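Working notes for the structure below.
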C-alpha cells in the first residue's frame with residue numbers, strides 16, 4: 001500500500017482495562033506494556049505497523065489525557081497535535097467522533113482506518129492488504145467497512161458479525177447483523193454456519209461516510225463535535241473539548257452506529273489476530289517450551305512444570321523458581337504477585353474488584 | 365523445675381541449612397527466622413523456653429562465628445561469654461565438646477541439656493518435666509540420656525532409637541540401637557514394634573559423663589578441647605579455638621558417641637515436637653483456615669484455594685493473590701519467589717544446588 005496524503009490511521013489507546021492485572025494497572029494499561037516480550041509495547045507495535053503505510057503526519061492516537069505523557073514517552077517522534085487527549089473515557093463512539101472531526105478539520109477527503117492499540121496482528125501484510133481493499137472501497141462507496149476475523153473456535157468472549165454471502169464485490173460483504181457475546185451453544189452454531197466473523201473493532205470509512213452516519217444515528221454527538229471543531233487550534237480548545245465530553249454520552253460505535261446503519265460491510269479476514277484479552281490468550285499465541293510453558297521475563301526457572309504462563313520482570317535481580325506445577329498463570333510484579341489456575345482466569349476480574357474494595361486504587 | 369546453679373543449657377545454633385529456602389539463607393538460617401509467625405525466631409523461642417528454668421548465666425549458645433552478631437541482636441540480654449563461636453562447622457560432636465569443656469572450666473558439677481535451636485516444642489511443661497527427670501538421673505548415674513519422640517507416622521526423615529523395654533527406672537530406658545533414616549517399609553515396622561522412637565537430638569548428661577564418653581569414643585576431640593581449655597579466658601582464646609577446629613574432624617555426636625557408648629538411655633516423650641525440617645512439616649503443625657491453607661504473613665489473599673502453605677512478609681506493601689490453586693508451597697521473599705507442589709518439596713534441595721551452580725551464593 002502506497003502512502004497517500006488522504007489516508008489516515010486512528011489508533012484508539014484510551015483503554016483502562018485491568019485484564020492483564022497485575023501487570024496492567026489503571027495508571028499503566030495494557031497498550032503501554034511489552035506484553036509480548038518483544039521490546040515494544042502493543043501501542044508501539046501498532047504505531048510501527050501503520051507507519052510503514054501511512055504518512056507520519058496522518059497517524060492519530062486517541063487516548064485519555066492521563067496517558068498523554070506515556071504516549072509521548074513511547075512514541076517520541078509523534079507530533080503532539082496528533083495525540084488527542086480525551087478528558088474522560090466515553091467509549092468508542094466519542095473517541096471516533098473526536099478523531100474524525102479533527103481529521104475532517106484538516107482534510108475533507110480523508111479515508112481513515114480506526115484500530116485498537118492493544119491487539120496482536122501476526123500477518124501484517126494480509127492485514128494491510130485488507131485495509132487497502134477497504135480504503136479503496138470506502139473511497140468509491142458511502143460505506144462503513146469493518147474487518148471481521150474468521151473464527152477458529154467458538155469463543156464466547158467476542159461479538160460476532162453475520163454477513164450476507166451474495167452479491168459481494170471482491171471480498172467485501174454486506175453485513176446482516178452484529179451480535180453481542182454469545183453463549184457457547186450459540187457460538188458453536190455461529191462457527192458451523194460459516195457466515196459469522198469475530199468483531200475485531202477495526203473500521204475503515206471516508207470522513208464523509210462516518211460524518212453522515214453520526215448525523216443520522218448519533219446526532220447529538222455529531223452536533224457536539226461539529227460545534228467543538230470551531231475551536232480546534234484555538235487557545236481554549238482543551239476547555240471546549242472538556243465541556244463537550246461532559247455532555248457526551250458513553251456509547252460504543254458498534255451499538256451507536258454499526259448495528260443501526262444500513263451501509264455496513266465486512267471483509268472476512270485471517271491475519272493471525274488476537275485481542276490479547278486475557279493471560280490465557282497471550283499464552284495461546286506465545287511460543288512454548290518443550291513442556292508447554294510460556295515464560296516471559298528474566299530469572300525464571302521452571303522445574304518439572306508444564307502448561308504454565310509465567311511473567312516476571314526480574315527487576316532488581318529477583319528470581320522466580322517454579323517446581324512441579326501445572327496450568328498456572330504466575331505474574332510477578334514489584335508490588336503484586338498473582339498465582340491463578342489457568343482455567344479460572346475469568347475470575348481475576350472479581351479479584352481486582354475485591355482488591356479495589358480493600359485497598360482503593362493502590363494496586364489497581 | 366527449680367533453677368539450679370549446676371544446671372546448664374547448651375543451645376546448638378550453628379545450622380546453615382537451606383531447608384526453608386528461600387526464606388532461610390546461608391547468611392540467615394532457619395533458627396533466626398520467625399518461621400512460626402509468632403513474632404519470635406526459633407532461637408528466641410528456644411532461649412525463652414530454657415530461661416524459665418535455668419539461670420540466665422547458665423544458658424550457652426553455640427553458633428558459627430558468622431552468626432555471632434545475629435545472636436547478639438536476637439538475644440540482646442545474653443552475656444557474650446555464653447555465646448560460643450565456632451570458626452567452622454564441624455558437626456555436633458565438636459559443638460558439644462566445645463560447650464562442655466567451656467562449662468567444665470567453670471563448673472565441674474554441671475549437668476547439661478543439649479538441644480537444637482530450631483525445633484518446635486508445643487508442650488513445654490512436659491518437655492521440662494522430662495528434662496528434669498533426665499537431669500536427676502544424670503546426677504546419680506554416669507549416663508548419656510536422650511529424649512526420644514514417640515512416632516505418630518512412619519517418617520523416613522528421622523533417625524530412630526530402639527530401647528529395651530525392661531528393667532527401667534521410672535520412664536528411663538536403656539537404648540539398644542541408634543538407626544539412620546529408614547526406608548518407608550522399615551519405618552513402618554519400627555512404628556508397629558512400639559519400641560522405636562525418633563531421635564530428636566536432645567541430650568542430657570553430667571559434665572563428667574560426657575567427658576568420659578569423649579575420652580573413650582572420640583579421644584582425639586577430647587584431647588584437643590582439653591588442650592584448648594587452658595586458653596579459655598586468655599587473650600588468644602579465639603586463635604587457639606580456631607587452631608583446634610582446624611584439626612577437629614567433623615562427626616555427629618550420634619555417630620561418634622551415642623551409637624558406641626554402652627551407658628545410653630532414652631526417655632520416651634511426647635511434647636508436640638517437630639524438627640520443622642521442611643515447609644510441609646511447618647504446614648502440618650500450623651493452624652489452617654477452613655480450606656486447609658496455612659497463611660503466614662501479611663497482605664495475602666487466597667481465593668478458592670486449598671491445602672496451600674503461603675509465606676510472604678508483605679514487605680513494602682507487597683500483595684500476594686492466589687486463585688484456585690491447591691497443594692502448593694508459595695514463598696515470597698524480597699529477592700526470590702518459590703512456588704512448589706507440596707508433594708515435591710524434597711526436591712527443593714536439588715533446586716537450591718542448581719541455583720547455587722548458576723548464581724553462586726547470591727540467592728542461597
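Protein chains in written order, with this note's numbering: chain A, 1 to 364; chain B, 365 to 728.
We treat Cβ as the ideally placed atom computed from N, Cα and C, and that holds for glycine.
Predicted model only: the values in this text are computed from it and were never measured.
- Listed in chain order, the positions of the stretch 659-693 of chain B with a beta carbon within less than 8 angstroms of a beta carbon of chain A are 665, 667, 668, 676, 680, 681, 682, 683, 684, 685, 686, 687, 688, 689 and 692.
- Rounded to the nearest whole angstrom, the CA to CA distance from residue 126 of chain A to residue 56 of chain A is 21 angstroms.
- Residue range 571-581 is occupied by the alpha helix (DSSP H) that includes residue 576 of chain B.
- With contacts defined as CB atoms closer than 8 angstroms, residue 150 of chain A and residue 699 of chain B fail to qualify as a contacting pair.
- Measuring C-alpha to C-alpha distances from residue 621 of chain B to each of B:520, B:455, B:445 and B:387 identifies B:455 as the nearest.
- Taking a beta-carbon distance threshold of 8 angstroms, residue 338 of chain A counts as an interface residue toward chain B.
- Residues of chain B whose Cβ lies closer than 7 angstroms to the Cβ of residue 332 of chain A are, in chain order, 701.
- The residues 475, in chain order, have a CB closer than 6 angstroms to that of residue 503 of chain B in the same chain once the five nearest residues on each side in sequence are set aside.
- Residue 75 of chain A places its beta carbon 8 angstroms or farther from that of residue 9 of chain A.
- Between the beta-carbon of residue 271 of chain A and that of residue 144 of chain A there is about 20 angstroms, and that puts the pair past the 8 angstroms contact cut.
- Following the DSSP letters along the chain, one finds residue 129 of chain A inside the alpha helix (DSSP H) bounded by residues 124-140.
- By the rule that beta-carbons nearer than 8 angstroms mark a contact, residue 487 of chain B does not touch chain A.
- Chain B places no beta carbon closer than 8 angstroms to that of residue 364 of chain A, leaving this residue out of the contacts.
- At least 8 angstroms separates the CB of residue 417 of chain B from every CB of chain A.
- Restricting attention to B:619, B:724, B:410 and B:657, the CA atom closest to the CA of residue 543 of chain B is found in B:619.
- About 5 angstroms separates the Cβ atoms of residue 303 of chain A and residue 323 of chain A, confirming a contact at the 8 angstroms cut-off.
- Judged by their CB atoms, residue 326 of chain A and residue 307 of chain A are nearer to each other than the 8 angstroms cut-off.
- With contacts defined as CB atoms closer than 8 angstroms, residue 97 of chain A and residue 221 of chain A qualify as a contacting pair.
- Note: residue 43 of chain A is not bridge-paired with any residue in the DSSP secondary-structure output.
- Residue 692 of chain B sits in a strand when the DSSP states are folded into three classes.
- If only complete runs of 3 or more residues are kept, the stretch 636-671 of chain B shows the beta strand (DSSP E) at 658-661 and 664-667, in order along the chain.
- Within chain B, the residues 687, 688 and 689 have their CB atoms less than 7 angstroms from the CB of residue 341 of chain A, given in chain order.
- Here DSSP, grouped into helix, strand and coil, assigns residue 594 of chain B to helix.
- Rounded to whole angstroms, the gap between the alpha carbons of residue 294 of chain A and residue 305 of chain A is 11 angstroms.
- By the 16-neighbour rule on beta-carbons within 10 angstroms, residue 709 of chain B is buried.
- DSSP places residue 266 of chain A within a strand segment (E or B) once states are collapsed to three.
- Going by DSSP, residue 243 of chain A is part of the alpha helix (DSSP H) stretching over 237-247.
- At a Cβ-Cβ threshold of 8 angstroms, residue 525 of chain B and residue 561 of chain B count as neighbours.
- Assignment of residue 481 of chain B by DSSP, reduced to helix, strand and coil, places it in the coil class.
- Selection B:685, B:684, B:705 and B:680 evaluated against residue 692 of chain B yields B:705 as nearest (Cα-Cα).
- Per DSSP, reduced to three states, the secondary structure at residue 309 of chain A is strand.
- In the DSSP secondary-structure assignment, residue 23 of chain A is not bridged to any residue.
- Within chain B, no C-beta atom comes nearer than 7 angstroms to that of residue 7 of chain A; the closest sits roughly 45 angstroms away.
- Distance from the CA of residue 656 of chain B to the CA of residue 623 of chain B, rounded to the nearest whole angstrom, comes to 40 angstroms.
- Boundaries of the alpha helix (DSSP H) around residue 93 of chain A: 91-106.
- Taking a beta-carbon distance threshold of 8 angstroms, residue 347 of chain A counts as an interface residue toward chain B.
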